[in-house]
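Residue numbers (our numbering): 6 to 328.
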């Protein structure tokens with residue numbers, strides 16, 4: 006128990022530290038006192054306060070929310086497929102959301118942010134459910150291979166639509182990822198949805214723990230694995246698709262953070278879900294901060310610098326499992 010409290014305290018400190026660092030550091034740097042004064046006097050009409058409250062604060066909050074959602078989605082996909090390489094971008098969910106968003110923007114140029122979020126969810130859900138129906142949960146390897154193949158096809162279709170309709174700048178946002186251009190209304194709209202979906206998963210933690218066991222064990226204790234697999238994966242797809250609609254296609258984060266958490270607190274989902282959500286939020290806030298420091302470089306590049314070596318590490322340590 007003491008170890009859990011220590012870890013929880015460390016994460017809480019990490020949340021506060023990452024929040025204030027992200028508020029302070031960027032293209033323009035501000036002191037801790039300046040940020041604190043702006044937070045305490047949000048109604049002030051000076052330029053610094055308006056910049057921090059209307060531009061940087063929504064960006065930091067959205068980055069935290071997206072980090073939570075993508076990381077939790079990755080953890081659930083790894084659990085259901087029993088495959089450490091599973092995450093939204095590998096299973097085709099991100100590609101489906103990207104394609105649907107681009108299609109909707111072409112067909113309805115005046116679409117609102119809510120419409121983009123809904124279309125991203127529909128696209129990601131359709132691809133995710135299609136992959137599940139095609140593989141019928143028979144093999145974790147089939148899930149990953151099917152997702153990778155379909156992702157390539159959807160990426161080609163998306164690029165074709167982008168090129169033929171002159172959407173290069175718009176598509177660059179979804180390719181590179183990043184939390185720029187967010188508003189507090191986006192935060193207020195997405196936060197309740199994210200919290201409810203993650204709470205549902207936490208309430209299902211015991212059932213998710215059983216999914217880690219063999220099908221025979223699950224049947225012996227009377228659990229209908231198919232139902233819980235469907236529900237948990239559907240929620241994971243929702244989280245991933247909403248994230249894509251907010252910040253574009255984020256790679257590796259959904260694989261990296263769950264692995265770190267499982268190495269620290271183990272595989273049981275009651276702890277793993279909470280720690281994954283918090284650490285994922287902190288990680289993405291810091292990644293977006295570093296991207297902002299270097300003239301808005303793609304946040305995917307920052308995550309890939311850590312995620313790609315970790316991906317290679319997993320392949321070297323457990324590659325025989327996927328052979």
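Even glycine gets a Cβ: it sits at the ideal position worked out from N, Cα and C.
| Three-state secondary structure (DSSP) of residue 74 | Three-state result, residue 74: helix.
| query | Skipping 5 residues on each side, what residues in its chain have a beta carbon closer than 7 Å to that of residue 328? | reply | Only weak support is given to the placement of residue 328: the predicted model assigns it a pLDDT of 45, under 50, and the value that follows is read from those uncertain coordinates. Within the same chain, no residue comes within 7 Å of residue 328 by CB-CB distance, once the 5 residues on both sides are set aside.
| Three-state secondary structure (DSSP) of residue 44 | Here DSSP, grouped into helix, strand and coil, assigns residue 44 to helix.
| query | Can you tell which of 261, 77, 92 and 55 has the C-alpha that lies nearest to the C-alpha of residue 3? | reply | The first residue shown for the chain is 6 and the last is 328, placing residue 3 beyond what the model contains.
| query | Do you know offhand how far residue 240's Cα is from residue 210's? | reply | When rounded, the distance between both Cα atoms is 13 Å.
| said: Going by beta-carbon coordinates alone, are residue 31 and residue 8 separated by less than 8 Å? | reply: With respect to the 8 Å criterion, residue 31 and residue 8 are not classified as neighbours on the basis of their beta carbons.
| query | From residue 162 to residue 104, what distance separates their C-alpha atoms? | reply | The straight-line gap from Cα to Cα measures roughly 7 Å.
| message | By alpha-carbon positions, which one of 24, 94 and 167 ends up nearest to residue 110? | response | Of 24, 94 and 167, the smallest CA-CA separation from residue 110 is found for 167.
| Span of the alpha helix (DSSP H) holding residue 7? | Segment 7-29, the alpha helix (DSSP H) holding residue 7.
| message | Is the separation between the beta-carbon of residue 185 and that of residue 256 shorter than 8 Å? | response | With contacts defined as CB atoms closer than 8 Å, residue 185 and residue 256 fail to qualify as a contacting pair.
| query | Given a threshold of 16 other Cβ atoms within 10 Å of its Cβ, counted over all protein chains shown, does residue 115 qualify as buried or as exposed? | reply | By the 10 Å Cβ count, residue 115 comes out exposed.
| message | Tell me the residue span of the alpha helix (DSSP H) that contains residue 259. | response | Annotation for residue 259: the continuous alpha helix (DSSP H) segment containing it runs 258-270.
| task | Could you give the DSSP three-state label for residue 214: helix, strand or coil? | result | In this structure, residue 214 counts as helix in the three-state DSSP scheme.
| query | Is it true that the segment 89-106 meets the segment 272-285, where meeting means three or more beta-carbon pairs spaced less than 8 Å apart? | reply | These segments do not touch.
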